[in-house]
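First up is the structure itself, then whatever we jot down about it.
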Amino acid sequence: MNRTGKNIPFSGKYKKWYQNPFIRILLLAAVLVVVIIICVNVLNGKNKENESANASFETMAEAESASGDGVPGSDAAYSADAKDADYAVDGGAAAANGTEADAAAQVTPAAQITPAAQPQVEGVTAPAAADGTGAAGVMQMTEEMLASSTETGWHYTYKGMWYSMTPGLCYYNGWQEVDGSTYHFGAEGYRDVGWKRIGDQVCCFDNNGVYQPDASTEKMVAFTFDDGPSQGMDMLLELCEETGARVTFFMIGVQVENGGAVIPHIMQDHCQLGNHSYTHSLMLKKTPEECAADFNQCDEFIRSFSGGYGADVVRFPYGDLTEEHAKAVGKPCILWDVDSLDWESQDAEQIKERVYTLIRDGSVILMHDRYDATVEACRELFPNLIAQGYQLVTVEELSIAKGIEMQPGGVYYDFTGEETDAPFGLVSMEEAAGMAGTEESDGTESTEEPAEAEYTEVPDETGYTEETVEAEYTEQSE
Ligand SMILES: [Zn+2]
71 MNRTGKNIPF
81 SGKYKKWYQN
91 PFIRILLLAA
101 VLVVVIIICV
111 NVLNGKNKEN
121 ESANASFETM
131 AEAESASGDG
141 VPGSDAAYSA
151 DAKDADYAVD
161 GGAAAANGTE
171 ADAAAQVTPA
181 AQITPAAQPQ
191 VEGVTAPAAA
201 DGTGAAGVMQ
211 MTEEMLASST
221 ETGWHYTYKG
231 MWYSMTPGLC
241 YYNGWQEVDG
251 STYHFGAEGY
261 RDVGWKRIGD
271 QVCCFDNNGV
281 YQPDASTEKM
291 VAFTFDDGPS
301 QGMDMLLELC
311 EETGARVTFF
321 MIGVQVENGG
331 AVIPHIMQDH
341 CQLGNHSYTH
351 SLMLKKTPEE
361 CAADFNQCDE
371 FIRSFSGGYG
381 ADVVRFPYGD
391 LTEEHAKAVG
401 KPCILWDVDS
411 LDWESQDAEQ
421 IKERVYTLIR
431 DGSVILMHDR
441 YDATVEACRE
451 LFPNLIAQGY
461 QLVTVEELSI
471 AKGIEMQPGG
481 VYYDFTGEET
491 DAPFGLVSME
501 EAAGMAGTEE
511 SDGTESTEEP
521 AEAEYTEVPD
531 ETGYTEETVE
541 AEYTEQSE
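Structure below.
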């Protein structure tokens, strides 16, 4: 038999069976089939993985919304306001585990996954009373807190201080003893400072948050600074830190737009954010609805710098308003009983003299943070008044301590409990129409600074110029 002869498979022609070409072709074909099967399986598996990731995400999201309390998933690191993205990542990771992934892909009812997604976190407890009057609860620290520190002890962001007794957990919404001192933690986990109403009780805490059961509600005044943020605000905040004073800043929206970076600093010093409108125009020239929109615009800018906190109190420019305007704005409207006339004198001696002469227990003092003379006067006023036994507090604290519950749209000159005979403030809609019609009224009807003469001094880069004011007036008087 030669090589080209009839080669019968499995005949004895080849020394080894695998030298037979027919066998070789068969083997090659078998290998190809196996490779194709593997490829198909791998591709199919990938698709399933994706499906299960989505399914897992959906079921966890459902579980979260079904629980209604926003309590996060199993990982202690996930805070109460954990983003959906966290859950998506979570779902993807679970799906990568082969068989688990397949199982998860088939689970659709939220109830089936709820126990796994939401185990009881060890150490988390509810506060003794929902209104914060009982012992504090223990909650998982928020993302913002965790970003600052995960260790035990006292920590802070500009929003306040919190206490972590276990890594990842902190007290909230109630009373708690820490290292021999008594503290009260708010619903967000930050300790209270200053005068607070807790349930029916009026309570006082020093700037370190330590409860002061014997604090007096007498000799209290609220310093208020309008038209900022300005350079003077930084110096006033330093003064607050040095003396322990807490004051209120009524800020103009256009100023906040450029200088709002100071807002976290205001919050950190336990001072109060106030809204002084966006345009600082005479609101009587606007309809109540336009006026409310102006204040809302300012609030939006404040929120963009404060971590979402708006101002709880407003002050109308020039102190003129009607009941209708106040109601439309819907926040307590704060006027004043002591005008330092700092805009007029710009003299520290005269400013101090007026304040020393005019203040009463419960007074609200009007100042402007952008005058050097004002800052200079406060450098003496703050420590001197404190030495005389005065407490320098925010408007909100003053109202709480004096037991005057501020109402939305309510108008408050002071918290003295006495009559205040002011030549400005509430007018009727008819009077407002008359005032809106005369340019003269802008400065003379109010004891606050006249608009145009004063605002020319504000540097252009603050965004607040004479033109802004005039343009506003022209538009409104048409
Ligand atoms: Zn003003």
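Each residue of the sequence shown is one higher than the one before, counting from 71 in the numbering used here. For each residue, glycine too, the CB sits at the ideal point set by N, CA and C.
May I ask you to check if the CB of Pro299 is nearer than 7 Å to at least one heavy atom of ligand 1?
Not so, every heavy atom of ligand 1 lies at least 7 Å from the Cβ.
How about His335: is its Cβ closer than 7 Å to a heavy atom in ligand 1?
no
Run the proximity test for His340: is its beta-carbon closer than 7 Å to any non-hydrogen atom belonging to ligand 1?
no
Quick check: the Cα distance between Met499 and Leu309, rounded to an integer number of angstroms?
C-alpha separation (whole angstroms): 41 Å.
Beta-carbon contacts of Val399 that lie in its chain and below 6 Å, excluding the five residues immediately before and after
Taken in chain order, the residues that qualify are Ala362, Phe365 and Val384.
DSSP three-state call for Met476: helix, strand or coil?
Correct three-state label for Met476: coil.
State the Cα-Cα distance for the pair Thr486 and Thr357, rounded to the nearest angstrom.
Spanning the two alpha carbons is a distance of roughly 31 Å.
Less than 8 Å separating the beta-carbons of His438 and Asp296?
Yes, Cβ-Cβ distance for His438 and Asp296 is below 8 Å.
Is the separation between the beta-carbon of Ala217 and that of Gln246 shorter than 8 Å?
In this structure, Gln246 does not lie closer than 8 Å to Ala217 by Cβ.
When you measure from the CB of Asp409 to every non-hydrogen atom of ligand 2, does any distance come out below 7 Å?
Because ligand 2 does not appear in the structure shown, any question about it cannot be addressed here, the ligands present being ligand 1.
Taking His202 as the reference, give the member of Glu221, Glu192, Glu359 and Val272 with the closest Cα.
Correcting the residue type first, residue 202 is Gly in the shown sequence and not His. Of Glu221, Glu192, Glu359 and Val272, the residue nearest in Cα terms is Val272.
Compute the distance between the beta-carbons of Gly259 and Met337, then report whether it is under 8 Å.
no
Beta-carbon proximity check, Phe494 vs Asp390, cutoff 8 Å
yes
Please tell me whether Val332 and Thr464 are closer than 8 Å, where the distance is taken between their beta carbons.
no
Could you give the DSSP three-state label for Trp406: helix, strand or coil?
coil
With distance defined between alpha-carbon atoms, name the residue in Met290, Phe452 and Ala506 nearest to Glu311.
Phe452
Test: Ala205 CB closer than 8 Å to a CB of chain C
Checking the listed chains, one finds no chain C in this structure; it contains a single protein chain.
When burial is assigned at 16 or more other CB atoms within 10 Å of the CB, is Gly377 buried or exposed?
With fewer than 16 other Cβ atoms within 10 Å, it is exposed.
Among Glu450, Met476, Asp304 and Val434, which residue has its Cα nearest to the Cα of Lys422?
Of Glu450, Met476, Asp304 and Val434, the residue nearest in Cα terms is Glu450.
Would you say Asp296 touches ligand 1, meaning its beta carbon is less than 7 Å from a heavy atom?
yes
Between Ala100, Tyr253, Ala292 and Leu98, which has its C-alpha nearest Val408's C-alpha?
Ala292
Measure the Cβ-Cβ separation of Trp406 and Tyr460 and say whether it is below 8 Å.
no
Please report how far the alpha carbon of Met476 lies from the alpha carbon of Ile470, in whole angstroms.
Rounded to the nearest angstrom, the two C-alpha atoms are 9 Å apart.
What does the Cβ neighbour count give for Gly330, buried or exposed, with the cut at 16 atoms within 10 Å?
Within a 10 Å sphere around the beta-carbon of Gly330 sit 16 or more other beta-carbons, which makes this residue buried.
Just to confirm, are Met321 and Ile404 a CB contact at a threshold of 8 Å?
Not closer than 8 Å, so no.
Distance check for Ala506 and Val497, CA to CA, integer angstroms please.
Going by the C-alpha atoms only, they are around 12 Å apart.
On the three-state DSSP scale, how would you describe Ile429?
coil
Relative to the alpha-carbon of Trp224, which residue among Val194, Arg261, Thr195 and Gly256 has its alpha-carbon at the smallest distance?
Arg261
Leaving out five residues on either side along the sequence, give the residues of the same chain with a beta carbon under 6 Å from the beta carbon of Ser251.
Val280
Give every residue of the same chain whose Cβ lies closer than 7 Å to the Cβ of Glu359, excluding the five residues on either side of it in the sequence, and list them in chain order.
Ala398
Go to Cys273, then tell me how far its beta strand (DSSP E) extends in each direction, as first and last residue.
Gln271 to Phe275
Hey, how far is the Cα of Glu501 from the Cα of Ala492?
Glu501 and Ala492: Cα-Cα distance of roughly 16 Å.
Unbroken alpha helix (DSSP H) runs of length 4 or more, entirely within the region 263 to 341: which are they?
301 to 313, 323 to 329 and 333 to 338
Report yes if the CB atom of Tyr253 is closer than 8 Å to the CB atom of Pro197, and no otherwise.
For the pair Tyr253 and Pro197, the CB atoms are not nearer than the 8 Å cut-off.
Own chain residues within Cβ distance below 7 Å of Thr220, not counting five before or after:
Pro237 and Gly238
In the structure shown, what three-state DSSP assignment does Tyr388 receive?
helix
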